[in-house]
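First comes the structure, then the notes that go with it.
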Amino acid sequence: MQRREFITLLGGAAAWPLGARAQQAAMPVIGFLSVGEAVERAHLLAAFNQGLNETGFVVDRSVAIEYRWAGDQFDRLPGLASELVSRQVTVILAASDYAASAAKSATTTTPIIFVIGSDPIRLRLVDSLNRPGNNLTGMTWISADLLAKRLQLLHDLVPSGQIAILSNSNSPDSEFMKGLLQAAARSIRQQLIVIETTNNGDLDAIIANVAASGAGALLIVNDPFFNNRRHQLVALVARHRLPTMYDLRLYVEAGGLLSYGASQPDAYRQAGTYVGRVLRGEKPADLPVMLPTKFELIFNLKTAKALGLTVPPSLLARADEVIE
15 MQRREFITLL GGAAAWPLGA RAQQAAMPVI GFLSVGEAVE RAHLLAAFNQ
65 GLNETGFVVD RSVAIEYRWA GDQFDRLPGL ASELVSRQVT VILAASDYAA
115 SAAKSATTTT PIIFVIGSDP IRLRLVDSLN RPGNNLTGMT WISADLLAKR
165 LQLLHDLVPS GQIAILSNSN SPDSEFMKGL LQAAARSIRQ QLIVIETTNN
215 GDLDAIIANV AASGAGALLI VNDPFFNNRR HQLVALVARH RLPTMYDLRL
265 YVEAGGLLSY GASQPDAYRQ AGTYVGRVLR GEKPADLPVM LPTKFELIFN
315 LKTAKALGLT VPPSLLARAD EVIE
């Protein structure tokens with residue numbers, strides 16, 4: 015057998031020089047914790063990898079990633095977080111409110127970078143935005159202005175009738191977000207119908223109940239449970255002819271009517287830069303929580319026409335993108 019064939023048969027690893035093997039063994043590992051599934055996160059993983067690249071790290075060359083996907087089984091998150099800690103990963107990327115809380119409970123020493131939609135202070139993840147303290151920091155896109163803005167935009171589009179609010183009662187920030195929406199509704203004299211579900215809710219029955227309530231429009235509060243079922247939700251509200259406001263452009267790309275919110279890929283890119291900085295030796299306690307810098311108002315005119323809605327020119331003029 016030729017020497018080259020022998021090296022190939024070994025897969026290369028056993029025949030590497032000692033220096034190369036030591037470098038490979040020292041490669042840092044990122045633990046990626048998500049409540050969803052990989053197939054739904056490809057675009058976000060690409061953005062996260064871009065952020066890593068901006069800080070000089072390339073996946074599978076200078077850094078490795080161990081993924082833990084809960085597959086929408088929220089109760090699996092604590093165990094998956096503990097598993098990553100036991101694997102002694104260098105840093106954990108927690109990709110939701112639920113994942114961040116599970117990771118925080120699992121370790122007080124492993125650095126955690128979160129990407130969440132809720133207020134990290136209210137969730138007791140950090141002490142403050144500027145001085146997070148402890149081993150957590152990251153990116154959040156929640157604010158009172160965003161929720162109020164979504165409600166105002168939907169009210170401007172469908173000015174008559176009640177607006178239903180669909181929220182997940184299992185969300186750690188559910189009561190707070192409902193309070194913000196109710197305050198925003200009072201300021202514009204808009205009546206709300208609050209409808210709640212859980213992580214195991216039957217969306218077919220829930221959307222049917224929204225339609226039967228007499229609501230003229232629907233606003234869906236940000237939550238991974240809804241995000242992971244966006245195609246089902248878009249189909250259901252179309253069947254019941256409910257004009258619906260979302261927080262992510264993914265819904266509009268799937269056929270939803272309109273969305274307003276921070277750019278999720280941009281948030282993951284920024285989280286990637288934070289993970290890279292931690293890998294370079296910085297501490298989460300010294301990195302302020304980042305707020306979004308890019309917001310998007312997206313309309314789907316095809317869906318508006320199917321619903322018999324005429325979008326006011328003033329709203330279209332404010333749109334960042336119109337899908338026709």
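Counting in the working numbering, the sequence shown runs from 15 upward without gaps. Heads up, the beta-carbon is just placed ideally off N, CA and C, and yes, glycines get one too. Nothing here was measured: the structure is a model prediction, and the numbers come from that model.
Unbroken beta strand (DSSP E) stretches of 3 residues or longer found wholly inside the segment 53-115: 78-83 and 105-108, given in chain order. L195 carries a helical assignment under DSSP once its states are collapsed to helix, strand and coil. When C-alpha distances from S119 are compared across V105, A95 and P134, the shortest belongs to A95. Taken through DSSP and simplified to helix, strand or coil, N148 comes out as coil. For N314, the enclosing beta strand (DSSP E) begins and ends at F309 to N314.
Look at the beta carbons and you see the segment 224-242 touching the segment 173-181: at least three pairs across the two are nearer than 8 angstroms.
Runs of the alpha helix (DSSP H) spanning 4 or more residues and lying entirely within the segment 239-297 occur at 244-253, 263-267 and 278-293, in chain order.
Remark: three or more beta-carbon pairs, one from each stretch, lie closer than 8 angstroms, so the segment 142-155 and the segment 266-281 are flagged as touching. In this structure, T69 lies away from R283, with their beta-carbon atoms at least 8 angstroms apart. Residue environment for N242: buried (at least 16 other C-beta atoms within 10 angstroms of its C-beta). In this structure, DSSP gives N182 an extended state, which the three-state scheme calls strand. The bridge partners DSSP lists for A231 are I177.
In the structure shown, E189 falls within a helical segment according to DSSP collapsed to helix, strand and coil. Closest option to I127, judged by alpha-carbon separation, among A108, Q205 and D133: A108.
Relative to L329, the option among A249, V99, H169 and N63 whose CA is nearest is H169. Under a 10 Å Cβ-count criterion, D218 is classified as exposed, with fewer than 16 other Cβ atoms of the shown protein chains found around its own Cβ. Around the beta carbon of T324, fewer than 16 other beta carbons lie within 10 angstroms, which makes this residue exposed. Per DSSP, reduced to three states, the secondary structure at T124 is coil, with no helix or strand assignment. Residue pairing for E335: DSSP places it in a beta bridge opposite I312.
By DSSP's assignment, E210 forms a beta bridge with S181. Residue range L217 to A226 is occupied by the alpha helix (DSSP H) that includes I221, with no beta strand (DSSP E) assigned at that position.
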